[in-house]
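One structure is given here, and the rest of the page talks about it.
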Amino acid sequence: MLQLQFLSSPPLSAQSLNPNSNTNLLSSFSSLKSTQTHAFKLNPLSLTPKPSKFSLKCRQSEYFDQQQRFSNSSSTASPPASGLPPRFYVGHSVYKGKAALTVEPRAPEFVPLDSGAFKISREGFVLLQFAPAAGVRQYDWSRKQVFSLSVTEIGALISLGARESCEFFHDPFKGKSEEGKVRKVLKVEPLPDGSGHFFNLGVQNRLLNLDENIYIPITRAEFTVLNSAFSFILPYLLGWHAFANSIKPEEASRVNNANPRYGGDYEWSR
338 MLQLQFLSSP PLSAQSLNPN SNTNLLSSFS SLKSTQTHAF KLNPLSLTPK
388 PSKFSLKCRQ SEYFDQQQRF SNSSSTASPP ASGLPPRFYV GHSVYKGKAA
438 LTVEPRAPEF VPLDSGAFKI SREGFVLLQF APAAGVRQYD WSRKQVFSLS
488 VTEIGALISL GARESCEFFH DPFKGKSEEG KVRKVLKVEP LPDGSGHFFN
538 LGVQNRLLNL DENIYIPITR AEFTVLNSAF SFILPYLLGW HAFANSIKPE
588 EASRVNNANP RYGGDYEWSR
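For the record, in the sequence shown the residue sitting at position 98 is 435 according to the numbering used here, with numbers rising by one throughout.
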């Protein structure tokens, strides 16, 4: 923004406004237009003219300084490398006196087909990480134990009542030569007063000569938050969001017409 500032000149007398002085006034303003940053004289009838000062202040530098600061702050977030979309890592943690529990979703995996389409090769899951306490508000994550919840196990937790319990058994080496050497059992049981559930993870690892049990109480409010997150992420773990995003009306109509088995009325037309 440009700001013009005039410093007042001595008042003009009545004589200075007579018609004969118009020529001198016009010449003075012409001089003003050509040299804006210089002083000029405006009193042709005075023998000892006093200079009138005209100054020009430019505040554009403040504007450009603000723009420069804004551009510098916005450029701190570097764009993703190779044009790939940004990745986000999320999770939810519950901290208690004896242990901490962290819940993190893991995305499904897809494989490409010869047709150019993709097919899901592995469903997503939710990873539970249990860490025992090492002090007041301190947890030993080097001793953490993990348990992966499948979509079916997530469904069991979501449908669990306030007084109901469930139990999941995992053998990471099932079908391999080390089968039976590592056992993981996750028990979810109601608290005695009905205010929540116990999450109890027991791990027996004969390969490492390890036998550990970590439990953490989850209140009803905390359990509600977990169930809400599970319900939201479940279709994404199945990969159905990728299918929904790929649907286009014209393509769906073309596929249905080409193959009647995909038609909506196929069941009723048999």
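Here a beta-carbon is modelled for each residue, glycine too, at the ideal position from N, C-alpha and C.
So for residue i, helix, strand or coil by DSSP?
| i | result |
| --- | --- |
| residue 473 | coil |
| residue 587 | helix |
| residue 566 | helix |
| residue 543 | coil |
| residue 499 | coil |
| residue 488 | helix |
| residue 480 | helix |
| residue 450 | coil |
| residue 509 | coil |
| residue 572 | helix |
| residue 528 | coil |
| residue 433 | coil |
| residue 425 | coil |
| residue 468 | strand |
| residue 559 | helix |
| residue 461 | coil |
| residue 533 | strand |
Is the shortest distance between the beta-carbon of residue i and the beta-carbons of chain C less than 8 angstroms?
| i | result |
| --- | --- |
| residue 539 | In the displayed structure, chain C is absent; only one protein chain is listed. |
Apart from the five residues on each side of it in sequence, which residues of its chain come closer than 7 angstroms, Cβ to Cβ, to residue i?
| i | result |
| --- | --- |
| residue 497 | 503, 525 |
| residue 551 | 436, 467, 469, 482, 538 |
| residue 439 | 428, 430, 466 |
| residue 554 | 433, 528, 533, 535 |
| residue 471 | 477 |
| residue 556 | 532, 533 |
Name the residue from the options whose alpha carbon lies nearest to the alpha carbon of residue i.
| i | options | result |
| --- | --- | --- |
| residue 436 | 567, 535, 420 | 535 |
| residue 558 | 566, 487, 451 | 566 |
| residue 564 | 492, 453, 433 | 492 |
| residue 459 | 583, 582, 585, 577 | 577 |
| residue 489 | 587, 514, 570 | 570 |
| residue 583 | 556, 487, 511, 453 | 453 |
| residue 575 | 585, 487, 425 | 487 |
Could you round the C-beta distance between residue i and residue j to whole angstroms and report it? I think they count as a contact, below 8 angstroms.
| i | j | result |
| --- | --- | --- |
| residue 519 | residue 538 | About 13 angstroms; that fails the 8 angstroms criterion. |
| residue 485 | residue 464 | 6 angstroms |
| residue 495 | residue 568 | 6 angstroms |
| residue 508 | residue 516 | 6 angstroms |
| residue 581 | residue 531 | At roughly 39 angstroms, the Cβ-Cβ gap does not stay under 8 angstroms, so residue 581 and residue 531 are not in contact. |
Enumerate in chain order the residues of its own chain whose CB-to-CB distance from residue i is below 8 angstroms, with the five nearest sequence positions on each side excluded.
| i | result |
| --- | --- |
| residue 573 | 442, 444, 445, 461 |
| residue 547 | 540, 541 |
| residue 455 | 447, 448, 449, 579 |
| residue 560 | 533, 534 |
| residue 480 | 468, 469, 549 |
| residue 474 | 432 |
| residue 420 | none |
| residue 562 | 429 |
| residue 510 | 516, 517, 518, 519 |
Take residue i and list the residues in its own chain whose beta-carbon comes closer than 6 angstroms to its own, dropping the five residues that flank it on each side.
| i | result |
| --- | --- |
| residue 506 | 522 |
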